[in-house]
Amino acid sequence: MRARLDDTDLTDLPAHVALLLADLPPDPVFRTLSHASTTIGPMLEFARSLCTSLQLPARLRELAILALAGETNATFVWTQHVPISAREGIGEDLTDAERSVLRFTAAVANGATVPDDVFTEIRAQLSAREIVELLQVLVLGYYAMLGRISTVLDIEPSELYDGYRDSFLD
Numbered sequence: 000m001r002a003r004l005d006d007t008d009l010t011d012l013p014a015h016v017a018l019l020l021a022d023l024p025p026d027p028v029f030r031t032l033s034h035a036s037t038t039i040g041p042m043l044e045f046a047r048s049l050c051t052s053l054q055l056p057a058r059l060r061e062l063a064i065l066a067l068a069g070e071t072n073a074t075f076v077w078t079q080h081v082p083i084s085a086r087e088g089i090g091e092d093l094t095d096a097e098r099s100v101l102r103f104t105a106a107v108a109n110g111a112t113v114p115d116d117v118f119t120e121i122r123a124q125l126s127a128r129e130i131v132e133l134l135q136v137l138v139l140g141y142y143a144m145l146g147r148i149s150t151v152l153d154i155e156p157s158e159l160y161d162g163y164r165d166s167f168l169d
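The opening residue of the sequence shown carries number 0 in numbering that gives the first Met the number 0; numbering runs sequentially from there.
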């Protein structure tokens with residue numbers, strides 16, 4: 000399978016965008032997103048903030064990302080986040096909070112609203128800030144957007160960030 004859009008040529012991009020991408024692994028999604036050169040910078044900053052500035056525990060974030068990828072058939076996102084999730088210790092034994100995040104994520108991924116019982120359950124497990132952060136991870140679409148871009152444009156899955164995580168977060 001070949002991606003539907005070619006990678007951008009770094010020499011054709013504005014200098015500040017080329018510099019942003021030069022500091023990252025050759026991520027096929029970010030290279031594709033750089034076609035929209037005016038939005039790639041803010042998107043990368045948002046991605047960085049989702050990994051460095053949330054009160055929501057990284058383990059819950061990663062569990063939600065995997066659940067969203069599974070619900071939306073986003074193989075690219077799944078492949079990127081399996082090794083990250085493993086580092087966060089996600090396994091088969093889940094806590095009540097983790098099970099609530101899974102149910103909440105499924106509801107968010109599959110509908111415009113969340114049933115009252117699911118919201119009541121997540122509200123008992125997470126603070127208001129953590130719920131909004133979880134929604135930012137899921138709905139403001141960062142990972143939903145990456146998943147949909149990768150599926151619509153047939154971008155091959157990769158495990159680039161398994162070794163580049165620290166450089167991306169600096």
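Note that the Cβ used here is the ideal one computed from N, Cα and C, for glycine as well.
Here's the rule I'm using: 16 or more other beta-carbon atoms within 10 Å means buried, otherwise exposed. How should residue i be labelled?
| i | result |
| --- | --- |
| D5 | exposed |
| S126 | exposed |
| G146 | buried |
| V136 | buried |
| L107 | Here residue 107 turns out to be Val, not Leu, going by the sequence shown. Classification for V107: buried. |
| R60 | buried |
| T119 | exposed |
| S48 | exposed |
| A111 | exposed |
| L18 | exposed |
Look at the alpha carbon of residue i and the alpha carbon of residue j, and state the distance between them as a whole number of angstroms.
| i | j | result |
| --- | --- | --- |
| Y142 | E91 | 23 Å |
| P156 | D26 | 10 Å |
| A123 | I89 | 21 Å |
| T150 | L20 | 22 Å |
| L101 | S52 | 22 Å |
| L222 | D115 | Outside the shown range of the chain, which is 0 to 169, sits residue 222, and nothing can be said about it. |
| E97 | T37 | 36 Å |
Can you look up residue i in the DSSP assignment and give me helix, strand or coil?
| i | result |
| --- | --- |
| H15 | helix |
| H80 | helix |
| P56 | coil |
| G69 | helix |
| G146 | helix |
| D175 | With the chain covering 0 to 169 only, the question about residue 175 has no answer from this structure. |
| S99 | helix |
| I154 | coil |
| R122 | helix |
| I89 | coil |
Using 8 Å for Cβ pairs, my map puts residue i next to residue j. What's the rounded Cβ distance?
| i | j | result |
| --- | --- | --- |
| L152 | T31 | 6 Å |
| A68 | W77 | 4 Å |
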